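Residues 440 to 711 (the numbering used here) make up the sequence shown, in order. Here a beta-carbon is modelled for each residue, glycine too, at the ideal position from N, C-alpha and C. Just so we're clear, the structure is a prediction, and the values are computed from it rather than from any experiment. The structure appears below as structure tokens.
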Amino acid sequence: LLRAQAAAQAVQALCDGNPDGAAVHLGKLSRGVTSMGASPLMTSSMPALIASFTKCCRPSVPREVTDALLLVHSAEEGQEMQKLALTRKAVAAMQGKVQEMGVFESGSFALIFPVLRHALTSPSIGTETLDGAMEVVSLHTRQAGIDLEPVIAVMMDVMAKNAKLRKTANDSVLRLSASLPPASVGELLEGGISGVAAVRMACLEGLARVQGLPGPAPHLYLHSTLFLLAHDGEEAISAKAKEVLDKCALPLADLDWNQLVDCLSHELQDVR
């Protein structure tokens, strides 16, 4: 407990004493601390910490974002309605700020992204907030330095659940995939076993844009996912998978057949 409190106090002192310097490292600092937000050890420290983090954002974030961040990272139960209400206000405030001042710096975007993710993955959030969150995230996919994999994961989820936003989400996935290292394609591969054909195709089109794929140490599930998709029931998906598989030149002898055997018990019938 004492060590956690000491670490939180040190980070807070850095943000309060040198906000411009902290802004450069805001993404890593905020991820490290907010990942512990659900712990009872951090309950008393989180309000002041998040307030200090948001003071480092460039451009500055409205108060609604600070309030929403605190609730999104909270482990308290029974607050879903309040969380949705605050998320709606925060997304509207972020949208207004971006329209007025331009996109947030990459570290600032990493800090506020959990609120946007909550908006994009909450079924009851409402169309207006959903569209606003998608606009803010989509604009930031054109920016260098953002954390690619969490954004790709959310965009794949949106593609699977929201036909209206599917094209915007797909465009974001393809844009981000061009900057992915070959070892970091896990979220794309997750899309390869989606029950939605458009998501499976987005996985393959994203992989086709990854520079240097498969890389010196191919992702653990790259070969088996491509092999699976090469036998997809959708002809266009099967053809695209074979194209990517040929480009990767992965020897059949290296295929982990156990991964394919595991797919026989997958919850999705298409995968089985």
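- DSSP places E644 in the helix class (H, G or I) of the three-state scheme.
- Looking at G456, V500, R502, L523, the one whose alpha-carbon comes closest to that of V511 is L523.
- By the CB criterion at 9 angstroms, T607 and S633 fall outside the cutoff.
- Nearest Cα to R648 within the set K679, E673, D671, L667: K679.
- Our two residues, L509 and E674, have alpha carbons roughly 47 angstroms apart in a direct line.
- Excluding sequence positions up to five before and after L652, its CB lies within less than 7 angstroms of the CB of P621, L646, C687, all in the same chain and listed in chain order.
- In the displayed model, H579 falls within a helix according to three-state DSSP.
- Looking only at D459, I585, M481, the smallest Cα-Cα distance to R442 is reached by M481.
- K467 is classed as exposed because its beta carbon has fewer than 16 other beta carbons within 10 Å across all chains shown.
- In terms of CA proximity to K494, P458 leads the group P458, I585, S474, V542.
- The C-alpha of S499 lies about 19 angstroms from the C-alpha of T580.
- With fewer than 16 other CB atoms across the displayed protein chains lying within 10 angstroms of its CB, Q444 is exposed.
- The Cβ atoms of L587 and L628 do not sit closer than 9 angstroms to each other.
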